[in-house]
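Which chain is which? The protein sequence lines are S and L, in order.
Counting in my numbering, the first sequence runs from 1 upward without gaps.
Counting in my numbering, the second sequence runs from 1 upward without gaps.
Scroll down for the structure; my scribbles are underneath it.
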Amino acid sequence: MGLDVQDWTFLIVGLSFALYLGIAIWSRAGSAGEFYVAGGGVPPLANGMATGADWMSAASFISMAGIISFAGYDGSVYLMGWTGGYVLLALLLAPYLRKFGRFTVPDFVGDRCYSSVARVVAVICAIFVSFTYVSGQMRGVGVVFSQFLQVDITLGIVIGMAIVFVYAVLGGMKGITYTQVAQYCVLIFAFMVPAIFMALLLTGSPVPQAGFVGNLGGEVGTQIAADLGVADGQKIALLDAIDKINADLGFNAFTDGSKSRLDVFMITLALMVGTAGLPHVIIRFYTVPKVRDARLSAFYALLFIAILYTAAPAVGVFGRTNLIYTVEHAVYNPEQAGDGDKVIPDWFREWENTGLLAWVDKNGDGRVDYLSGRVFTDGGKDKPKFATSEDGDVARGEHGQRLVTNPISETGNELYVDRDIMVLANPQIANLPNWVIGLVAAGGLAAALSTAAGLLMVISSAVSHDLLKGVVMPKISEKQELWVARIAAAFGVFGAGLVGIYPPGFVAEVVALAFGLAASSFFPAIMLGIFSKRASREGIVAGMIAGISYTIVYVVFFKFGWADGVLSAISGWEPGEDKKAHWFLGISPEGIGSIGMLINFGVALVVSKLTPPPPQEIQDLIENIRVPKGAGEAHEMQLPPATEEDF
Amino acid sequence: MPDDSNNQKDSSAAKRYWRTNIKYLSILLGIWFLVSYGCGILLVDQLNEFRLGGAKLGFWFAQQGSIYVFVVLIAVYVVLMNRLDRRFGFRED
Numbered sequence: 001m002g003l004d005v006q007d008w009t010f011l012i013v014g015l016s017f018a019l020y021l022g023i024a025i026w027s028r029a030g031s032a033g034e035f036y037v038a039g040g041g042v043p044p045l046a047n048g049m050a051t052g053a054d055w056m057s058a059a060s061f062i063s064m065a066g067i068i069s070f071a072g073y074d075g076s077v078y079l080m081g082w083t084g085g086y087v088l089l090a091l092l093l094a095p096y097l098r099k100f101g102r103f104t105v106p107d108f109v110g111d112r113c114y115s116s117v118a119r120v121v122a123v124i125c126a127i128f129v130s131f132t133y134v135s136g137q138m139r140g141v142g143v144v145f146s147q148f149l150q151v152d153i154t155l156g157i158v159i160g161m162a163i164v165f166v167y168a169v170l171g172g173m174k175g176i177t178y179t180q181v182a183q184y185c186v187l188i189f190a191f192m193v194p195a196i197f198m199a200l201l202l203t204g205s206p207v208p209q210a211g212f213v214g215n216l217g218g219e220v221g222t223q224i225a226a227d228l229g230v231a232d233g234q235k236i237a238l239l240d241a242i243d244k245i246n247a248d249l250g251f252n253a254f255t256d257g258s259k260s261r262l263d264v265f266m267i268t269l270a271l272m273v274g275t276a277g278l279p280h281v282i283i284r285f286y287t288v289p290k291v292r293d294a295r296l297s298a299f300y301a302l303l304f305i306a307i308l309y310t311a312a313p314a315v316g317v318f319g320r321t322n323l324i325y326t327v328e329h330a331v332y333n334p335e336q337a338g339d340g341d342k343v344i345p346d347w348f349r350e351w352e353n354t355g356l357l358a359w360v361d362k363n364g365d366g367r368v369d370y371l372s373g374r375v376f377t378d379g380g381k382d383k384p385k386f387a388t389s390e391d392g393d394v395a396r397g398e399h400g401q402r403l404v405t406n407p408i409s410e411t412g413n414e415l416y417v418d419r420d421i422m423v424l425a426n427p428q429i430a431n432l433p434n435w436v437i438g439l440v441a442a443g444g445l446a447a448a449l450s451t452a453a454g455l456l457m458v459i460s461s462a463v464s465h466d467l468l469k470g471v472v473m474p475k476i477s478e479k480q481e482l483w484v485a486r487i488a489a490a491f492g493v494f495g496a497g498l499v500g501i502y503p504p505g506f507v508a509e510v511v512a513l514a515f516g517l518a519a520s521s522f523f524p525a526i527m528l529g530i531f532s533k534r535a536s537r538e539g540i541v542a543g544m545i546a547g548i549s550y551t552i553v554y555v556v557f558f559k560f561g562w563a564d565g566v567l568s569a570i571s572g573w574e575p576g577e578d579k580k581a582h583w584f585l586g587i588s589p590e591g592i593g594s595i596g597m598l599i600n601f602g603v604a605l606v607v608s609k610l611t612p613p614p615p616q617e618i619q620d621l622i623e624n625i626r627v628p629k630g631a632g633e634a635h636e637m638q639l640p641p642a643t644e645e646d647f
Numbered sequence: 001m002p003d004d005s006n007n008q009k010d011s012s013a014a015k016r017y018w019r020t021n022i023k024y025l026s027i028l029l030g031i032w033f034l035v036s037y038g039c040g041i042l043l044v045d046q047l048n049e050f051r052l053g054g055a056k057l058g059f060w061f062a063q064q065g066s067i068y069v070f071v072v073l074i075a076v077y078v079v080l081m082n083r084l085d086r087r088f089g090f091r092e093d
């Protein structure tokens, strides 16, 4: 074990990349069917893993546990929202779309609506949703590279682009599927190993999910309990401990929320329905051989996702409890520490260099005070901006801490903590071996690359299959179509990389918006397409346009501030006033996709009543996709009369 | 949202298959709603009076319990639908 952290990280990341490339070469796509849906021959278990990796992005892997560690109960919207959508997907969409058996989501919308307009609307929605998403992934790749390997973010993104280019452009869906299987294994192993070690340290239980509802225990947990004044032989639950610690420092109780119930409800709903409506997730269910495989792979997918999603809040609590216990009121400079003083550990200084931690000694006592409230007054994310001395070196304060140039706030809080540290720094915080740190880097990259590849697939198929073959040049040969698909994927990689390197300021907002857009457009359109034979093309298209427009306008009003004049004319909002007061029913822009979805359903049903029903062949199509095998023949089949009592 | 306006072939196997499917969906989605939106959000304060291990019950549903139930719901759906496929002769070979 003579290797240091950097060596291990290069080694593990390099091996994982070699594995992905090997798989890509082994599983090249030869036909359009292989390129778009992996030839429809993916076993359900493999599809479940691939869906898990496809779905869990850089944000799920790196940021979610940290978000929950700060947001507490409010973070539940992500946990329920990003898993509950799979129930909708499994029960309401996946089996029927598999029976429909084409290549893309716009395929279904276009055919079901017997309309090229509907197909084009769906193509635009799919490209918009997927492109905003993929640029966030490329940025994630760059961030992981720069934090673990001290590589420039731009170079990191270029390396990521090159890898994705090889297996998405050559391998298509077939290459992507099998690399995603490998990436799932890498990312879940990388997430769970530190989680298990943290659980042992803080609760004495090797199962993070059990430790989450258990008592403080283990090597570190016992000391924390003693610190909290728990008598020998007595126990305190981990969640009660974090509530107490939060209260002592002036934070909200972890198990309580600060958002309104209605807002939590609406955000959860928008995330669930949005998940079920995301094209890159839906197309994974086209890749299995049979309808029952689509159902089964939805089960596997959620099972594999749930392993990470139920461990994430545990990791968040472990990380937060341990971080506060370690740093709060600890002496920064080990040389100034007296007997019995807590001292800031070395990893703190290392992570200062990455900008994920920063300390400002406001009261000059040389100790890190962590309290509720902002450290800086920049607003927004308050990222620390480190000062440099005159000779261009790092500027340090009297205790050796890095100095910042941010304006300092009046609050007593001296510590800036980036939420990502809860996952990225855990291996060091828990004193884990160097290879675990390399593993976490490889896991973050696997999560980002797998999601990026799935999204690029949607973009390339939307251009080559839906737009070119579906609308513009229906007579194009399969070979030409494949070439166009590869070129579109290449442009997608390139564009996503560029947006990753030069991120426009509103990327984060747009990514959050993606769920609202999917919730208010695709989900109702597909669901009505399957469950209502009466829904006409006019109804479905009008519903999609109404739902998505409402959602976009609301988000633009309340999040982007591009149309403040119109907003004040409509709602009486005055510049400088908090926009929250004028939210519709107090629903935040993150949750407004739910209302957009209801509007979509409402408009679609009303317009369908007023317009002619779909032609007979569409009604036959709907009957056909509702059953796994030959609806047409089913009418003639002589079956023994079965009743409900047969069960 | 089932729309059975032109149900002249009401007695056909496909129709009965679909009706049973809708029944399963309604029950399973009812539970889906109950554990997440019910126990995890709307009734969270009431349920927080009770505890499950070291966690308040409502909080536990919001961060763990609902996810476990979601996995079980899809598993039950897979089993029910596979049986239904066989019963109506819609099982693919």
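For glycine and all other residues, C-beta sits at the position ideal for the given N, C-alpha and C.
Beta-ladder partner(s) of residue i, from DSSP
i, result
"Lys56/L", "Arg51/L"
"Ile408/S", "Phe376/S"
"Ala237/S", "Asn215/S"
"Arg396/S", "Arg402/S"
"Ala330/S", "Val368/S"
"Val343/S", "Val331/S"
"Phe386/S", "Val404/S"
Assigned exposure category for residue i - 16 Cβ within 10 Å defines buried
i, result
"Pro701/S", "Beyond the ends of chain S as shown, which are 1 and 647, falls residue 701/S; an answer cannot be given."
"Val186/S", "buried"
"Gln616/S", "exposed"
"Ala225/S", "buried"
"Gln8/L", "With a pLDDT of only 42 at Gln8/L, under the threshold of 50, the placement of this residue in the model should not be trusted; the figure read from the coordinates follows. Per the 10 Å Cβ criterion, exposed."
"Ala358/S", "buried"
"Met544/S", "buried"
"Val566/S", "exposed"
"Met637/S", "With a pLDDT of only 32 at Met637/S, under the threshold of 50, the placement of this residue in the model should not be trusted; the figure read from the coordinates follows. Under this definition Met637/S is an exposed residue."
"Tyr17/L", "buried"
"Asn48/L", "buried"
"Gln223/S", "exposed"
"Ile25/S", "exposed"
"Val87/S", "buried"
"Lys20/S", "The identity of residue 20/S in the sequence shown is Tyr, whereas the question assumes Lys. Counting Cβ neighbours within 10 Å, Tyr20/S comes out buried, since at least 16 surround it."
"Asn363/S", "exposed"
"Thr377/S", "exposed"
"Gln428/S", "buried"
"Ile570/S", "exposed"
"Leu585/S", "exposed"
Range of the contiguous alpha helix (DSSP H) that encloses residue i
i, result
"Val134/S", "116-149"
"Met473/S", "No alpha helix (DSSP H) holds Met473/S; DSSP gives it neither H nor E."
"Lys629/S", "No alpha helix (DSSP H) contains Lys629/S, which DSSP labels as neither H nor E."
"Asp263/S", "261-276"
"Ile157/S", "153-164"
"Cys185/S", "171-203"
"Gly319/S", "291-327"
"Pro524/S", "522-531"
"Ala442/S", "434-461"
"Phe251/S", "It is not in any alpha helix (DSSP H) - Phe251/S carries neither H nor E in the DSSP assignment."
"Phe601/S", "592-610"
"Val230/S", "Taken as a continuous stretch (DSSP letters only), Val230/S belongs to no alpha helix (DSSP H), as it is neither H nor E."
"Ile587/S", "Element bounds for Ile587/S: n/a, residue is neither H nor E."
"Gly108/S", "In the sequence on display, residue 108/S carries Phe and not Gly. Run containing Phe108/S: 105-112, per the alpha helix (DSSP H) assignment."
Residue span of the beta strand (DSSP E) that contains residue i, given as start and end
i, result
"Leu357/S", "357-359"
"Leu415/S", "415-417"
The ligand FMN heavy atom lying under 8 Å from the CB of residue i
i, result
"Ile245/S", "Among the components modelled here there is no ligand, and therefore nothing to report on the ligand FMN."
Given 8 Å as the limit, is there contact between the segment 271-286 of chain S and the segment 149-163 of chain S, that is, 3 or more CB pairs closer than that?
no
Please go through the segment 3-73 of chain S and give each complete alpha helix (DSSP H) segment of 4 or more residues, from N-terminal end onward.
5-26, 32-37, 44-55, 64-71
Is there contact between the segment 515-532 of chain S and the segment 119-133 of chain S, where contact requires at least three CB pairs shorter than 8 Å?
The segment 515-532 of chain S, when compared against the segment 119-133 of chain S, does touch it at the 8 Å Cβ threshold.
Using a Cβ distance threshold of 8 Å, determine whether the segment 30-45 of chain L contacts the segment 64-78 of chain L, with at least three qualifying pairs required.
Pairwise C-beta distances place the segment 30-45 of chain L in contact with the segment 64-78 of chain L, as three or more of them are shorter than 8 Å.
Below 8 Å, can you find three or more Cβ-Cβ pairs linking the segment 300-313 of chain S to the segment 75-86 of chain S?
Output reads yes: the segment 75-86 of chain S touches the segment 300-313 of chain S.
For the pair the segment 446-456 of chain S and the segment 142-161 of chain S, tell me if three or more CB-CB distances fall below 8 Å.
yes
Can at least three beta-carbon pairs, one atom from the segment 50-64 of chain S and one from the segment 251-265 of chain S, be found at a separation below 8 Å?
no
May I ask you to verify whether the segment 594-603 of chain S touches the segment 81-99 of chain S, counting CB pairs closer than 8 Å and requiring at least 3?
Because the criterion of three Cβ pairs below 8 Å is not met, the segment 594-603 of chain S and the segment 81-99 of chain S do not touch.
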